[in-house]
Every structure is written in structure tokens, then in C-alpha cells.
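Q: Once you've had a glance at the structure underneath, I'll fire off some questions.
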Amino acid sequence: MSNLNFEMGPIKELVKVLNGGIEFYSAAKGKTSNGNLVRIFERNIQEKALAISDLQTFILLDDDQAETHSALSVELREAYTKIIALVSADKDQTYISQLEEIEDKVLEKVDDALKQQLPPDCKSQLLQIQARMQSCHDEMKQLQLETA
1 MSNLNFEMGP
11 IKELVKVLNG
21 GIEFYSAAKG
31 KTSNGNLVRI
41 FERNIQEKAL
51 AISDLQTFIL
61 LDDDQAETHS
71 ALSVELREAY
81 TKIIALVSAD
91 KDQTYISQLE
101 EIEDKVLEKV
111 DDALKQQLPP
121 DCKSQLLQIQ
131 ARMQSCHDEM
141 KQLQLETA
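Everything in the sequence shown is counted per the UniProt record's numbering, starting at 1 for the first residue and increasing by one.
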């Protein structure tokens, strides 16, 4: 199966944001002592890793090379959050707020990818990923409201 007739760039961009999200969640997990947050962060890491695994198949079919980079915007947000966390009294709330923003970015990238002409099995996989990422977003949004 060849994806030559399909635009896979948005799928690659989504994977970059997911990779950056994993890095950011991993960093945040190491900075909190809240066991509940650690469990939520781990679950979101697992969901993003699963989404990447699901999407890499389509990327490999497109150009025989897995996408392993992170989105610059996520890396910049991580650096920004580190600075804010140094001066913030409530580091958990700072991380939660920034992680919710990353979840927004993930959903935006999923929407962008779904607007493209994609192989049917890729589109189906994206719809499943969209539902899982919406759940991650909603959980982070709820945490944000609870800690505000």
C-alpha cells in the first residue's frame, strides 16, 4: 500500500506534538509528589505513545522513516513552564495548566490531519485517537479547574 496520493505531513506534525507531549508529561511527572497526578501523567504518556505507534505505520508507508522529532512549540512551552515553575508557589498547577494547553495543541493537530485526504484505515485510526486524546484533554481541563 502506498500513500503517494495522500498528504501525510499533518500526520507527521501530529506525531511531533505527541512526542513533545510525552517529553513534557515525563518532565512534569518527575517534578510532582502528588501520586494522583503521577498516575494521570503516566496514563497520558501511555495514550500518546499508543497514538504514535498507531500512526507510525502510516508514516513508514509514506517515506520509510519513523517520525521521532518533537514539535518546537511544545519544547518552547516546556522551557517556559520550567521558568514559571521556578518562581511559582504551586508548581503542580503550573504544569497542569501548560499540559492542558498541549492537549489543546494535540486536538488541533488531530483536527488538521482529519481534514486531509487520507487512507481510510488511517482516518479510522485518527478518529479513535481523537476520542482518546479528547479524554486526556478533558481530564487535564478538569484538573486545571480543580487546582485554579
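Think of the CB as a built atom: it goes at the ideal place given N, C-alpha and C, for glycine as much as any other residue. This structure is a prediction, so every number in the text was calculated from the model and none was measured.
Tell me which residues share the same chain as V38 and place their Cβ nearer than 7 Å to its Cβ, disregarding the 5 neighbours each side in the sequence.
A: Closer than 7 Å at the Cβ level, and outside the excluded window around V38, lie K29, T32.
Q: Over what stretch of residues does the alpha helix (DSSP H) that includes M8 continue unbroken?
A: No alpha helix (DSSP H) holds M8; DSSP gives it neither H nor E.
Q: If contacts are defined as beta-carbon pairs under 8 Å, then V106 and V17 qualify, I think. What distance do you get, rounded to the angstrom?
A: Contact flag correct, Cβ pair sits at about 6 Å.
Q: Taking the alpha-carbon positions, what's the A131 to L99 distance?
A: Whole-angstrom Cα-Cα distance: 18 Å.
Q: Kindly give me the distance between the Cβ atoms of F41 and Y25, rounded to whole angstroms, as I take these residues to be in contact under 8 Å.
A: Yes, F41 and Y25 are in contact; Cβ-Cβ is about 5 Å, under 8 Å.
Q: Going by the beta-carbon positions, is the gap between I22 and I59 smaller than 9 Å?
A: Against a cut-off of 9 Å, the Cβ pair of I59 and I22 comes out as no contact.
Q: Run the CB neighbour count on G9, radius 10 Å, all protein chains shown included, and call it buried at 16 or more, exposed below.
A: Burial call: exposed.
Q: With DSSP as the reference, label N3 as helix, strand or coil.
A: Caution is warranted here: a pLDDT of 42 is assigned to N3, below 50, making its placement in the model unreliable, and the coordinate value is therefore given only provisionally. N3: coil per DSSP, three-state reduction.
Q: Using only the alpha-carbon positions, how far apart do A148 and Q46 sit?
A: A148 and Q46: Cα-Cα distance of roughly 26 Å.
Q: Quick one: residues in its chain with C-beta nearer than 6 Å to the C-beta of N44, no 5 flanking neighbours on either side, listed in chain order?
A: Closer than 6 Å at the Cβ level, and outside the excluded window around N44, lie Y25, C136.
Q: Which class does K115 belong to by DSSP, given the choice of helix, strand or coil?
A: Three-state DSSP puts K115 in coil, outside helix and strand.
Q: Here's the rule I'm using: 16 or more other beta-carbon atoms within 10 Å means buried, otherwise exposed. How should M1 be labelled?
A: Because the pLDDT of M1 is 43, which lies under 50, any placement of that residue in the model is unreliable, and the number read from its coordinates should be weighed accordingly. Looking at its Cβ environment, which holds fewer than 16 other Cβ atoms inside 10 Å, M1 is exposed.
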